[in-house]
Amino acid sequence: MNDPIAYTVTALAILVALHAAVLLTRDAPFSNPLFYSVAVLELVLLALLVGGCIALARTDQAVDGVLFVSYLVTLVVIPPAAVLWGIAEKSRWGTGVVVVAMLTVAILVIRVLQIWQASHA
Numbered sequence: 458m459n460d461p462i463a464y465t466v467t468a469l470a471i472l473v474a475l476h477a478a479v480l481l482t483r484d485a486p487f488s489n490p491l492f493y494s495v496a497v498l499e500l501v502l503l504a505l506l507v508g509g510c511i512a513l514a515r516t517d518q519a520v521d522g523v524l525f526v527s528y529l530v531t532l533v534v535i536p537p538a539a540v541l542w543g544i545a546e547k548s549r550w551g552t553g554v555v556v557v558a559m560l561t562v563a564i565l566v567i568r569v570l571q572i573w574q575a576s577h578a
């Protein structure tokens with residue numbers, strides 16, 4: 458886990474949140490383009506999970522592995538949960554849930570970076 462990866466994933470999550478926020482302000486329901494945006498983020502988060510687990514296995518530093526992996530797994534679970542909730546909620550707040558979820562993902566990615574860096578300081 459390094460800064461460029463974490464900040465890129467964070468920026469992607471914020472972009473998806475902005476996409477959902479635009480739909481929210483337009484009073485639009487959850488849409489296919491938003492689904493595809495979240496799906497791309499999910500693929501990136503899955504790659505982050507795999508890469509993080511490989512990095513954890515290869516490091517000699519004292520990383521709290523349980524905490525680190527639990528955050529990575531949580532990151533992977535949030536987008537599908539937001540999509541399911543967003544689709545189920547037929548009002549504009551379906552997209553509102555996606556906004557909050559994607560901002561949560563952005564914050565959690567930075568937290569994962571902090572956990573990783575704390576052991577390497």
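Residue numbers (the working numbering): 458 to 578.
The beta-carbon is built from N, C-alpha and C at its ideal position, and this holds for glycine as well.
Legend entry - Touch test, the segment 525-534 against the segment 500-515, Cβ-Cβ under 8 angstroms, three pairs minimum: yes
Inset, instruction - State the DSSP-derived secondary structure class of P536, mapped to helix, strand or coil. - result: helix
Legend entry - A403 to P461 span [Cα, whole Å]: Here the chain has residues from 458 to 578 only, and residue 403 is not among them.
Inset, instruction - Return the chain-ordered list of same chain residues with a C-beta closer than 6 angstroms to the C-beta of V540, the five sequence neighbours on each side being excluded. - result: V495
Inset, instruction - With DSSP as the reference, label V520 as helix, strand or coil. - result: coil
Legend entry - 7 angstroms CB neighbourhood of M458 in its chain, flanking five on each side removed: G509, A512, V569, L570, W573
Inset, instruction - Would you please state the rounded distance, in angstroms, between the beta carbons of A474 and V554? I believe it to be under 8 angstroms. - result: At roughly 11 angstroms, the Cβ-Cβ gap does not stay under 8 angstroms, so A474 and V554 are not in contact.
Inset, instruction - Assuming F492 and T552 form a contact by the criterion Cβ under 8 angstroms, report the distance between their Cβ atoms to the nearest whole angstrom. - result: At roughly 11 angstroms, the Cβ-Cβ gap does not stay under 8 angstroms, so F492 and T552 are not in contact.
Inset, instruction - Inspect the beta-carbon positions of A563 and T467 and report whether they are closer than 8 angstroms. - result: yes
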